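Engineer: Quick one: the structure is below, questions incoming.
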Amino acid sequence: MKSLQIPCLFLLLTFLISCGSGASNQEANEDGFLAIEEALKDQFGADAYFTDLTITHNKSIGNIISVTVTDDPSSLKMGQWTQSNDSWTQTSDITLEVSEGMNASDFMFQLGDPIDLGKLGGLVEKSKEKLAEEKEIPSPSFHMALVKIPKDGVRSKIEYLVLLQPENGGTTFTYSYDLSGNFISMDY
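Going left to right, the sequence shown walks through residues -23 to -1, 1 to 165 as mature numbering (1 follows the signal peptide of the UniProt record, and there is no 0) numbers them.
Given below as structure tokens:
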């Protein structure tokens, strides 16, 4: 009987650890977004280049991560991928069109250079506090966070956007921040 208990205990521990550690279950905060960054690096490599990165939260299934990514920044070909329930699916292939004199890499970023998902997670927390204080909305819910690349490709104009909603839905409040985490604007 003792020999049966050890494998069962091991299976139970493995199950419990795997239930809460995936990107789909991460909290919308600095630590949670750093875990999402690691999931992205595990899937696409630490040297991947992105033109789009969106983290959306759905109450039923958790976080949904959408990216447009390539491992070759000189290529105009990229893949569009979505992760839901900790499972990655490629949704399409994309070919970029860039203006003459521009490079595809002008519109791409890497995690850590200059994008810091930990900082974005911290901005979600900061935005929730601001919304609760300024609009007197108790317990605002995280809806979406994304990295916004400017159409002119100027890296210094890249923005972090955080979208929040009242706990029971309704108006979406959008907070914009620069790469350093400085507040730019709030719109609804």
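Don't be surprised by glycine CBs; every beta carbon is placed ideally from N, CA and C. The model shown is predicted, which means the values in this text are computed figures rather than measured ones.
Could you tell me the alpha carbon to alpha carbon distance between Pro143 and Trp65, rounded to whole angstroms?
Structural biologist: Walking along the sequence shown from the start, residue 143 turns up at place 166. Walking along the sequence shown from the start, residue 65 turns up at place 88. If you take the alpha carbons of Pro143 and Trp65, they lie about 29 Å apart.
Engineer: Checking 8 Å against the spacing of the C-beta atoms, do Pro117 and Lys105 come in under that value?
Structural biologist: On the sequence shown, position 140 is the one that residue 117 refers to. On the sequence shown, position 128 is the one that residue 105 refers to. Yes, the pair counts as a contact, with Cβ atoms nearer than the cut-off.
Engineer: Which residue's Cα is closest to the Cα of Asp129: Val46, Glu7 and Glu74?
Structural biologist: Taking the sequence shown and counting its residues from 1, one reaches residue 129 at position 152. It is Glu74.
Engineer: One question on the structure: do Gly98 and Gly9 come within less than 8 Å of each other, judged by their Cβ atoms?
Structural biologist: As a first step, residue 98 is located in the sequence shown; it is residue number 121 there, counting from the start. As a first step, residue 9 is located in the sequence shown; it is residue number 32 there, counting from the start. In this structure, Gly9 lies closer than 8 Å to Gly98 by Cβ.
Engineer: Assuming Thr28 and Phe84 are in contact, meaning their beta carbons sit under 8 Å apart, how far apart are those beta carbons, in whole angstroms?
Structural biologist: Position 51 of the sequence shown, counting from 1, holds the residue named residue 28. Position 107 of the sequence shown, counting from 1, holds the residue named residue 84. The pair is a contact, with the Cβ atoms about 5 Å apart (cut-off 8 Å).
Engineer: CA-CA distance, Ser76 and Trp58?
Structural biologist: By one-based count along the sequence shown, residue 76 stands at place 99. By one-based count along the sequence shown, residue 58 stands at place 81. C-alpha separation (whole angstroms): 25 Å.
Engineer: Output the residue ranges of the beta strand (DSSP E) runs that lie fully inside the stretch 94 to 121 and measure 3 residues or longer, sorted by chain position.
Structural biologist: Correct list: empty.
Engineer: How is Lys134 classed by DSSP in three states: helix, strand or coil?
Structural biologist: On the sequence shown, residue 134 is found 157 positions in, with the first residue counted as 1. If DSSP states are grouped into helix, strand and coil, Lys134 belongs with the helices.
Engineer: Do you know whose CA, among Asp93, Leu88, Asn40 and His34, lies nearest Gly146's CA?
Structural biologist: Position 169 of the sequence shown holds residue 146. Nearest C-alpha to Gly146: His34.
Engineer: Let me check understanding here. Comparing Cα to Cα, which of Val101, Ser133, Ile32 and Thr45 lies closest to Ala25?
Structural biologist: Reading the sequence shown from its first residue, position 48 is the one you call residue 25. Minimum Cα distance to Ala25 is reached at Thr45.
Engineer: Alpha carbon to alpha carbon, what distance is there between Gly78 and Ser52?
Structural biologist: Position 75 of the sequence shown holds residue 52. Position 101 of the sequence shown holds residue 78. Whole-angstrom Cα-Cα distance: 15 Å.
Engineer: In this structure, what does DSSP give as the bridge partners for Ile41?
Structural biologist: Translated into positions along the sequence shown, residue 41 becomes position 64. Ile41 is bridged to Thr33 and Ser61.
Engineer: Please report the straight-line C-alpha distance between Val131 and Leu156, rounded to a whole angstrom.
Structural biologist: On the sequence shown, residue 131 is found 154 positions in, with the first residue counted as 1. On the sequence shown, residue 156 is found 179 positions in, with the first residue counted as 1. Spanning the two alpha carbons is a distance of roughly 12 Å.
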